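Shown next, in structure tokens, is the structure this report addresses.
Residue numbers (my numbering): 1 to 143.
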């Protein structure tokens, strides 16, 4: 099993959409990875090639018109990235618009993927996450 992606990072992003992707996460993801629209909130999901293939296969299993529509939306803005020698990647305007990224960003490790968030959106999300919410979600686990 690969190392889990975890941690919180605050890289800078320039006006052209280039940002330095955290070394710790790049080391786990590998030399190339995929950027995708987050499926459960407005962030950019970052998958290793193996995790992206698993994600794509799961999307292909959703049948009917709803499945087609979801695949069209989520896969149409997916983008393979190979960081440059300085570890920078380019985030396409379509993905920046989806995630509301127009200034500061936060990159988090979320287990099998990394996520790139607008900093204000992340701050709001994380400040609204209570200990009660966490305990309720984990109630059935014996941690």
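Think of the CB as a built atom: it goes at the ideal place given N, C-alpha and C, for glycine as much as any other residue. Since the model is a prediction, treat every value here as computed from it, not as a measurement.
Paired residues, beta bridge with residue i - DSSP
i	result
residue 36	45
residue 79	35
residue 115	45 and 108
residue 9	107
Residue i, enclosing alpha helix (DSSP H) - first and last residue
i	result
residue 70	64-76
residue 137	131-137
residue 126	119-128
With 16 other Cβ atoms within 10 Å as the buried cut-off, status of residue i
i	result
residue 6	exposed
residue 52	buried
residue 113	buried
residue 48	buried
residue 73	exposed
residue 70	exposed
residue 141	exposed
residue 13	buried
residue 31	exposed
residue 10	exposed
residue 134	exposed
Limits of the unbroken beta strand (DSSP E) element including residue i
i	result
residue 97	It is not in any beta strand (DSSP E) - residue 97 instead sits in the alpha helix (DSSP H) that spans 93-99.
residue 88	88-90
residue 28	Careful: residue 28 lies outside any beta strand (DSSP E), inside the alpha helix (DSSP H) at 23-29.
residue 20	18-20
Presumed contact (8 Å Cβ cut-off) between residue i and residue j, rounded CB distance
i	j	result
residue 44	residue 110	Incorrect: roughly 12 Å between the Cβ atoms, too far for contact.
residue 25	residue 105	Not a contact, Cβ separation roughly 13 Å.
Cβ contact (3+ pairs, closer than 8 Å) linking the stretch 29-49 and the stretch 61-79: yes
Validate contact between the stretch 84-91 and the stretch 14-31 using beta carbons, cut 8 Å, 3 pairs: Yes: at least three Cβ pairs fall under 8 Å.
Contact between the stretch 114-127 and the stretch 50-68 (3+ Cβ pairs under 8 Å): no
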